[in-house]
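Everything below concerns the one structure shown next.
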Amino acid sequence: NAGVTQTPKFQVLKTGQSMTLQCAQDMNHNSMYWYRQDPGMGLRLIYYSASEGTTDKGEVPNGYNVSRLNKREFSLRLESAAPSQTSVYFCAATLGQGMGAFFGQGTRLTVV
Amino acid sequence: GNSVTQMEGPVTLSEEAFLTINCTYTATGYPSLFWYVQYPGEGLQLLLKATKADDKGSNKGFEATYRKETTSFHLEKGSVQVSDSAVYFCALIRNTGNQFYFGTGTSLTVIP
C-alpha cells in the first residue's frame, strides 16, 4: 500500500518549458489536492478535485492546469514554467472532511 | 473567511522539556482540526485530529484539545525528544467544504 505517490521527485526546468507532475493514490479516496510549499508561506492550495471528473481552483491557480484522469490520478501541468514557480509541490488525498489528508513525498521543482 | 494562525517559530527546546505550539482558527460552521508533522525532505504526515468541540486528539505523546470557545487547538507534549525535531502544521477543514486550510508551520528543534 503505497498511499500517495508523486513523480518525479526532483526536476529542473528552463523558463518557458512545460511539464506535468504526476500523482496517484491507491487508497480509493475521493478528494485530491495540489499544494505548493514555499519558505515562510506554509502550504498554498493550487487546485483540488472533490471527486472524479471535477476540479476547482484554489488560492494560487494561475500558471497551472490540472486533470483528474480517474479516481486514482490527479496531474498538475505547468504550460510555460516561470522562476516564480520554483517550489516544492505536494499532492494529497482524503476520504472525507474528518479523515485528514494523506500527502505524497513532494516534487522539488526548480525553474531557471 | 477560513484561516489558521500558528505561533511563529523557530522553537528550540532541550530534550525532556514541555512543548506547546499555539494554534487558533477562524472558520464558518464547525470545522475538523488537525496537526501535521513534516520531517526534513518528506511530505506532511497526519499527527492527530479532532472533529468536534472538546474532542482531544492524541498520538505519540502529543495532544491537542478542540476548544470552540477560544477557537484554539494548541499542540502539547510533556517531554520532547530529539526525534521530535520537525515542522508542525495546524490545519482545518470545514464540515461542509473540501478545502484544507493550513497554518504557516512552526519549526521545532530539540537539542540533547
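Protein chains in written order, with this note's numbering: chain A, 73 to 184; chain B, 1118 to 1229.
From the three backbone atoms N, C-alpha and C, an ideal C-beta is built for every residue, glycine too.
Option nearest residue i by Cα separation, candidates the options
i: Thr1122 of chain B; options: B:Lys1185, B:Ser1202, B:Ser1189; result: B:Ser1189
i: Ser1120 of chain B; options: A:Asp128, A:Gly168, A:Leu117; result: A:Leu117
i: Phe1130 of chain B; options: B:Leu1163, B:Phe1206, B:Val1199; result: Sequence check: residue 1130 of chain B is Leu here, not Phe. Here the closest residue by C-alpha is B:Val1199.
i: Ser1147 of chain B; options: B:Lys1169, B:Ala1203, B:Ala1181; result: The sequence shown places Tyr at residue 1147 of chain B, not Ser. Nearest option by C-alpha distance: B:Lys1169.
i: Lys143 of chain A; options: A:Thr158, A:Phe174, A:Ala173, A:Met99; result: A:Met99
i: Thr79 of chain A; options: A:Val183, A:Ser103, A:Leu93; result: A:Leu93
i: Val160 of chain A; options: B:Thr1145, B:Gly1160, B:Leu1225, B:Leu1150; result: B:Gly1160
i: Lys1185 of chain B; options: B:Gly1118, B:Thr1141, B:Val1128; result: B:Thr1141
i: Gly1222 of chain B; options: A:Lys86, A:Met113, A:Trp106; result: A:Met113
i: Gly88 of chain A; options: A:Tyr136, A:Gly125, A:His101, A:Asn102; result: A:Tyr136
i: Gln97 of chain A; options: A:Val184, A:Val183, A:Phe175; result: A:Phe175
i: Ala154 of chain A; options: A:Val183, A:Gly178, A:Thr166, A:Gln177; result: A:Val183
i: Ala1144 of chain B; options: B:Glu1125, B:Thr1213, B:Asp1201, B:Pro1229; result: B:Thr1213
i: Lys1194 of chain B; options: B:Thr1187, B:Glu1132, B:Phe1219; result: B:Glu1132
i: Asn134 of chain A; options: A:Glu151, A:Ser123, A:Asn102; result: A:Glu151
6 Å CB neighbourhood of residue i in its chain, flanking five on each side removed
i: Phe82 of chain A; result: Arg180
i: Ser121 of chain A; result: Met104, Thr127, Arg140, Phe146
i: Glu214 of chain A; result: Nothing can be reported for residue 214 of chain A, as the shown portion of chain A is limited to 73 through 184.
i: Leu1150 of chain B; result: Ala1167, Tyr1183, Phe1190, Leu1209
i: Gly1126 of chain B; result: Thr1223, Ser1224
Within-7 Å CB hit, residue i to chain B
i: Gln177 of chain A; result: yes
i: Gly170 of chain A; result: yes
i: Gly114 of chain A; result: yes
i: Ala70 of chain A; result: Past the boundaries of the shown model lies residue 70 of chain A; chain A is included only from 73 to 184, so the question cannot be answered.
i: Ala173 of chain A; result: yes
i: Ser90 of chain A; result: no
i: Ser139 of chain A; result: no
Beta carbon proximity, residue i to chain A, threshold 7 Å
i: Asn1119 of chain B; result: no
i: Asn1215 of chain B; result: yes
i: Gly1160 of chain B; result: yes
i: Gly1222 of chain B; result: yes
i: Phe1219 of chain B; result: yes
Contact set for residue i: own chain, Cβ-Cβ below 7 Å, skip 5 residues either direction
i: Asn1176 of chain B; result: Leu1164, Leu1165
i: Gln109 of chain A; result: Leu115, Ser159, Val160, Phe162
i: Ala1203 of chain B; result: Val1154, Gln1155, Tyr1156, Leu1225
i: Gly170 of chain A; result: none
i: Tyr129 of chain A; result: Residue 129 of chain A is actually Lys in this sequence, not Tyr. So the qualifying residues of the chain are Tyr119.
i: Val76 of chain A; result: Cys95, Gln97, Cys163, Ala164, Ala165, Phe174, Phe175, Gly176
Close beta carbons around residue i, own chain, < 8 Å, minus the five adjacent residues each side
i: Asp1172 of chain B; result: Thr1182, Tyr1183
i: Val138 of chain A; result: Trp106, Ile118, Tyr119, Ser121, Thr127, Phe146, Ser147, Leu148, Arg149
Interface residues of the stretch 142-162 of chain A facing chain B [CB-CB below 7 Å]: Phe162
Interfacial residues, the stretch 1163-1176 of chain B to chain A, with Cβ spacing under 8 Å: Leu1163, Lys1166, Thr1168
Selection of the stretch 1144-1157 of chain B by Cβ proximity to chain A, strictly under 7 Å: Ser1149, Phe1151
Interface residues of the stretch 119-136 of chain A facing chain B [CB-CB below 8 Å]: Of all residues in the stretch 119-136 of chain A, those with a C-beta nearer than 8 Å to a C-beta of chain B are Tyr120, Ala122, Asp128, Gly130, reading in chain order.
Interface residues of the stretch 1178-1207 of chain B facing chain A [CB-CB below 9 Å]: Under the 9 Å Cβ criterion, the stretch 1178-1207 of chain B contributes Phe1206.
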